[in-house]
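Q: Below is a structure I'd like to ask you about.
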């Protein structure tokens, strides 16, 4: 890979990271605005800005660095409690967050950043940064850490701690030498009172790799003792030379703690927390010390080899070292993050291979059974079950929570409600429902349309709501759940509901339906999905000119989903999207017709019965007193293979409708990996995909939703042709 | 004094009796890995542990952190409780312990 | 030449092509038989040759689409070239096999299987030896033909793979099949 590629890849990672961080900032800001912020929010907010600035610096995105630096300062003051949140500040910060996002994408695409906008926002932020300049005079960034700390510690230069602090990192071989670190700590108790012991496990290897006879753990001890330093040091006099023992007396200077942090292997932020946990430092002292570090770090040009711009700002050596170390640690942490980004094609390739492995494993098992070797059989089935586990895990790798899409809507709702001058609250539930990554990418736009539409057309103006006795604040609820192998996403508003008469009138005006058409309420509601339909009296820039809903419908249908509208006049409208999970592992029900294998999604299967005899010329049967329409898959799919004299009926249900599928053979449940059939088969109805069975045979997955719809259509037509029974049963 | 490692038939639990120290951790680790290869959930009964040191404590932490395995320590003996308490790793280990009136942690439900 | 040997030659030829250009403006082609006619496809678009196995029929597809097969965990559509060319479906014999090809469509590469009666050999054909398709007299639609080349025993028809296996067109055939499908008539 050449340098350009590497750079492009690094840039991609940066963009992705920046997007995530900005999304996180937005989430926190919105939470603060709603008054639901938590203690961790402010430091997290600061870290987001700080990280973006740092990474932008590495790419030389100077404008991002310049602007984010100002934002970061404000966030820092928020974090320290120097200033508090106000509605106004949140608004400005959200604008800043948008601007950073804009800057990042503009610059990454090689455009010219909007410096004027930066300056505008910086000027707005001045209200919150100005106090700093006034009060702190030159408190500023150039001051070496030590003096900054001294100021913070309000004279004396010492921390408030009354305890000795001992930092113990023993040589790995200490255990084998017959010494027990916990014994030392126990013995320390003879010099005074052990206030707290913090066990440091950061360097603990895994059980598989560990040599349990080496010491991998360290300790931070706070000791309340009148003893002198010599006495305490004596406890450790026999400890091997390459152990790292630091003993700090009470009221040590903050810089000595910084020195201690620096001398240790662990991440400094974490060490700081440990010092606080030990009671050695107060959170205030830690914060001041770390801030001193960071302040100087901000002024250290992030690019390697770059020259200090301002010759006046050279931090003292100790702080410089601490900064360097912190950077190292942060880089390390980045490479060790809990999530890993992997191109989805690689996952797919993995899943395909593992699928093959399952089949190969099943083959091996079958061979072992054939030759009647029990031991071989057992090991083959163990192997098979392990491989199946791996396949399940691999498949789950592609699944992501729908919350990934939902997370962008709080901001949308906030902004749009302001634009509309309505007070609207967004309620989200079911964000943890999972669906395939590819699906997640595609449902965002339709949902965005629906939510905007609900806010614009659904929720009434405040006066109207008040007049009808509703709370002034409108609600849009976004809910997701799994149902019958699909994901259902609902967008519900508590607005005025759909006005069927008005819709019909409009549709007739627009020539969408003929005058005098006799439509059910449901059918009238569906009209809002027709191209060129818009019910809003005034066209706003939000919902556009009626392009929204039909686009939504097309998008949803392109995903092989359905869209239902439910509305209660005066109470609200609910739009329900039902989408397949696509590449999911579904539990399938394996049936055979002729020589072809089919899979019916198991959660749509109600039961299986034998096809009653004498129904050769009927397409419905009697079941528990009701007429059940059925479809002969043999006929439907033009199968000619060997038939069964007593065919079975698999009764399926979807969206409250039931139908039977007549098949020749029933094989039972099986786990099914959906494999898309590709563009060639896009138009094939009633088949939603394919899968590979345990023996390597390809089976087609039946699209029950489409099939039921087909049966309904057929019966509807049949009704008009005279056979009414099947259709009435479905309509009921 | 050595350590007796009793693995139950279903390989779901292990009981340690005797020393959990630098002298026994090597052997215990190997037996533990063997058992872990067969099952994902293991209860380790520490009721018979008469002696424990830093190496033993470290092994507890190592076992607990083995990815994909759910290790639960039960029936902590007094010496184990003392060390866990002193090193403040109770939370880190996350096993149910009850702080008795005397301030000493005890295994819950036993 | 047995199928096995051809398979190996295909692999070797593909490797060779990656490294150096074949001399004198020639390119390598896989020659195969369909009925009594000899055809050739540029080796570039051939991925491999696999043994014949009964494909799983996909309902409501035109007869030229035999169905799908499992190719190492992937589901691959199979086309009966004979039907595509307007002849009767290929009769399955001992040497029937699938030629797996790669076709670009809508920005992605798709994999298709072709049923052929037997594969003959990998041959080098110089561009100078390729004649334009005949205006008439060919048994198949001349749109599908890139050119004709003389071989030891008569002419070889060099196929225009992009046209012959146009995904867009095959999918439309599928749609036609689906629209006239038996669903509503059932």
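Chains as they are written, first to last, in our numbering: chain F, 1 to 732; chain U, 733 to 842; chain Y, 843 to 1028.
Ideal placement from N, C-alpha and C gives every residue a C-beta, glycine not left out.
Fair warning: this is a prediction, and the values are worked out from it, not measured in the lab.
#1: Let's test the definition: count the other Cβ atoms within 10 Å of the Cβ of residue 252 of chain F and tell me whether it reaches 16, buried, or not, exposed.
#2: Mind listing the chain F neighbours of residue 800 of chain U? Cutoff is C-beta to C-beta under 8 Å, in chain order.
#3: Applying the criterion that 16 or more other CB atoms from any shown protein chain within 10 Å of the CB defines a buried residue, is residue 562 of chain F buried or exposed?
#4: Can you name, in chain order, every residue of its own chain whose Cβ lies under 7 Å from the Cβ of residue 445 of chain F, other than the five neighbours on each side?
#5: For residue 932 of chain Y and residue 957 of chain Y, which I take to be in contact (beta-carbon distance under 8 Å), what is that distance rounded to the nearest angstrom?
#6: Assuming residue 793 of chain U contacts residue 767 of chain U under a Cβ cut-off of 8 Å, what Cβ separation, rounded to an integer in Å, is found between them?
#7: Does DSSP put residue 688 of chain F in a helix, in a strand, or in coil?
#8: Under DSSP, the alpha helix (DSSP H) around residue 985 of chain Y begins and ends at which residues?
#9: Would you give the residue range spanned by the beta strand (DSSP E) that residue 942 of chain Y belongs to?
#10: Looking at the secondary structure, which residues open and close the alpha helix (DSSP H) in which residue 365 of chain F lies?
#11: Taking residue 208 of chain F as the query, report the chain U residues whose CB atoms sit under 8 Å from its CB, ordered along the chain.
#12: Nearest to residue 705 of chain F by alpha carbon, out of F:346, F:480, F:651?
#13: Can you tell me whether residue 675 of chain F is buried or exposed? The criterion is at least 16 other CB atoms within 10 Å of its CB, across all chains shown.
#14: Can you list, in chain order, the residues of its chain whose CB lies under 8 Å from that of residue 415 of chain F, leaving out five sequence neighbours each side?
#15: Can you tell me which of the three DSSP states residue 906 of chain Y falls into?
#16: In whole angstroms, what separates the C-alpha of residue 686 of chain F from that of residue 657 of chain F?
#17: Name the chain Y residues whose beta carbon is nearer than 8 Å to that of residue 675 of chain F?
#18: Taking residue 823 of chain U as part of the beta strand (DSSP E), name the residues at either end of that continuous run.
#19: Residues of chain F with a CB under 7 Å from the CB of residue 878 of chain Y: which are they?
#20: Could you confirm whether any beta carbon from chain F is found closer than 9 Å to the beta carbon of residue 786 of chain U?
#21: Under 9 Å, Cβ to Cβ, is there at least one residue of chain F near residue 864 of chain Y?
#22: Looking at C-alpha atoms only, which residue of F:434, F:527, F:623 is the closest neighbour of residue 488 of chain F?
#23: What is the rounded straight-line gap between the Cα of residue 551 of chain F and the Cα of residue 525 of chain F?
#24: Taking CB distances under 9 Å as the criterion, tell me whether residue 212 of chain F reaches chain Y.
#25: So with CB distances below 9 Å, who are the chain Y contacts of residue 687 of chain F?
#26: Taking all protein chains shown into account, decide if residue 617 of chain F is buried (16 or more other Cβ within 10 angstroms of its Cβ) or exposed.
#27: State yes or no: is the C-beta of residue 611 of chain F within less than 9 Å of the C-beta of residue 579 of chain F?
#28: Rounded to whole angstroms, what is the Cα-Cα separation between residue 620 of chain F and residue 378 of chain F?
#29: For residue 203 of chain F, which of helix, strand or coil comes out of DSSP?
#30: Consider the Cβ of residue 438 of chain F: report whether some Cβ of chain Y lies at a distance smaller than 9 Å.
#31: Distance, Cα to Cα, residue 691 of chain F vs residue 996 of chain Y?
#32: List, from N- to C-terminal side, the alpha helix (DSSP H) runs of 4 residues or more that fit wholly inside the region 362-447 of chain F.
#33: If I measure Cβ to Cβ from residue 1012 of chain Y and keep anything under 6 Å in the same chain, skipping five residues before and after, which residues do I get?
#34: Going by beta carbon distance, what residues of the same chain come within less than 6 Å of residue 155 of chain F, once the five residues before and after it are set aside?
#35: What beta strand (DSSP E) runs, 3 residues minimum, are completely inside the region 653-679 of chain F?
#36: Is residue 673 of chain F near residue 373 of chain F, with beta carbons less than 9 Å apart?
A: With the structure as the only source:
#1: Against the first chain, residue 252 of chain F aligns to sequence position 252. Around the Cβ of residue 252 of chain F, a 10 Å sphere holds 16 or more other Cβ atoms; the residue is buried.
#2: Locating residue 800 of chain U in the second chain gives position 68, counting from the first residue. Those do not exist, as residue 800 of chain U stays about 10 Å from chain F at its closest Cβ, beyond 8 Å.
#3: The residue given as residue 562 of chain F occupies position 562 in the first chain. Label assigned to residue 562 of chain F: buried.
#4: Translated into positions along the first chain, residue 445 of chain F becomes position 445. Taken in chain order, the residues that qualify are 555.
#5: One-based indexing of the third chain puts residue 932 of chain Y at position 90. One-based indexing of the third chain puts residue 957 of chain Y at position 115. Their Cβ separation, rounded to whole angstroms, is 5 Å, which keeps residue 932 of chain Y and residue 957 of chain Y in contact under 8 Å.
#6: One-based indexing of the second chain puts residue 793 of chain U at position 61. One-based indexing of the second chain puts residue 767 of chain U at position 35. The pair is not a contact, with the Cβ atoms about 18 Å apart (cut-off 8 Å).
#7: As a working note, residue 688 of chain F is residue 688 in the first chain. Residue 688 of chain F: strand per DSSP, three-state reduction.
#8: Along the third chain, read from residue 1 onward, the residue named residue 985 of chain Y stands at position 143. Residue 985 of chain Y -> no alpha helix (DSSP H), and no H or E assigned at all.
#9: In the third chain, the residue the question calls residue 942 of chain Y occupies position 100. Taken as a continuous stretch (DSSP letters only), the beta strand (DSSP E) holding residue 942 of chain Y covers 939-947.
#10: Counted from its first residue, the first chain places residue 365 of chain F at position 365. Unbroken alpha helix (DSSP H) run through residue 365 of chain F: 344-370.
#11: Locating residue 208 of chain F in the first chain gives position 208, counting from the first residue. Correct list: 765, 798.
#12: Translated into positions along the first chain, residue 705 of chain F becomes position 705. Residue 705 of chain F has its Cα closest to that of F:651, out of F:346, F:480, F:651.
#13: Looking up residue 675 of chain F in the first chain gives position 675. Per the 10 Å Cβ criterion, buried.
#14: Sequence index remark: in the first chain, residue 415 of chain F carries index 415 (1-based). Nothing meets the Cβ criterion.
#15: On the third chain, position 64 is the one that residue 906 of chain Y refers to. Here residue 906 of chain Y sits in coil by DSSP.
#16: Position 686 of the first chain, counted from the start, is the residue given in the question as residue 686 of chain F. Position 657 of the first chain, counted from the start, is the residue given in the question as residue 657 of chain F. Note on geometry: alpha-carbon atoms of residue 686 of chain F and residue 657 of chain F lie some 16 Å from one another.
#17: Here residue 675 of chain F corresponds to residue number 675 of the first chain, with the count starting at 1. The answer, in chain order, is 916, 917.
#18: If you number the second chain from 1, residue 823 of chain U lands on position 91. From DSSP, residue 823 of chain U is part of no beta strand (DSSP E) but of the alpha helix (DSSP H) over 822-825.
#19: In the third chain, residue 878 of chain Y corresponds to position 36, counting from 1. By Cβ distance, chain F contributes nothing, its closest Cβ being about 28 Å from residue 878 of chain Y, past 7 Å.
#20: On the second chain, position 54 is the one that residue 786 of chain U refers to. Cβ-Cβ to chain F under 9 Å: yes for residue 786 of chain U.
#21: Position 22 of the third chain, counted from the start, is the residue given in the question as residue 864 of chain Y. Because residue 864 of chain Y carries a pLDDT of 44, less than 50, the predicted location of this residue cannot be relied on, and the following value inherits that uncertainty. Chain F, which has no Cβ nearer than 9 Å to the Cβ of residue 864 of chain Y, makes this no.
#22: Sequence index remark: in the first chain, residue 488 of chain F carries index 488 (1-based). Checking every option, the nearest Cα to that of residue 488 of chain F belongs to F:434.
#23: Reading the first chain from its first residue, position 551 is the one you call residue 551 of chain F. Reading the first chain from its first residue, position 525 is the one you call residue 525 of chain F. In this structure, the alpha-carbon of residue 551 of chain F lies about 16 Å from that of residue 525 of chain F.
#24: By 1-based counting over the first chain, the position of residue 212 of chain F is 212. No, residue 212 of chain F does not count as interfacial toward chain Y.
#25: Looking up residue 687 of chain F in the first chain gives position 687. The answer, in chain order, is 900, 901, 902.
#26: Start at 1 with the first residue of the first chain, and residue 617 of chain F comes out as number 617. Exposed, by the Cβ-count rule.
#27: Indexing the first chain from 1 puts residue 611 of chain F at position 611. Indexing the first chain from 1 puts residue 579 of chain F at position 579. In this structure, residue 579 of chain F does not lie closer than 9 Å to residue 611 of chain F by Cβ.
#28: On the first chain, position 620 is the one that residue 620 of chain F refers to. On the first chain, position 378 is the one that residue 378 of chain F refers to. Between residue 620 of chain F and residue 378 of chain F, the C-alpha separation is close to 47 Å.
#29: Within the first chain, the letter at position 203 stands for residue 203 of chain F. Residue 203 of chain F falls in the coil class under three-state DSSP.
#30: The residue given as residue 438 of chain F occupies position 438 in the first chain. Output row for residue 438 of chain F: interface = no.
#31: Here the question's residue 691 of chain F lines up with position 691 in the first chain. Here the question's residue 996 of chain Y lines up with position 154 in the third chain. So the two alpha carbons sit approximately 44 Å from each other.
#32: 374-397, 403-406, 409-420
#33: Along the third chain, read from residue 1 onward, the residue named residue 1012 of chain Y stands at position 170. Answer for residue 1012 of chain Y: no residue qualifies.
#34: As a first step, residue 155 of chain F is located in the first chain; it is residue number 155 there, counting from the start. Interpretation of residue 155 of chain F is limited by its pLDDT of 33, a score under 50 that renders its predicted location unreliable; no figure is taken from the coordinates.
#35: 657-663, 665-673
#36: Here residue 673 of chain F refers to the residue found at position 673 of the first chain. Here residue 373 of chain F refers to the residue found at position 373 of the first chain. Their beta carbons are not under 9 Å apart, which means residue 673 of chain F does not touch residue 373 of chain F by this criterion.
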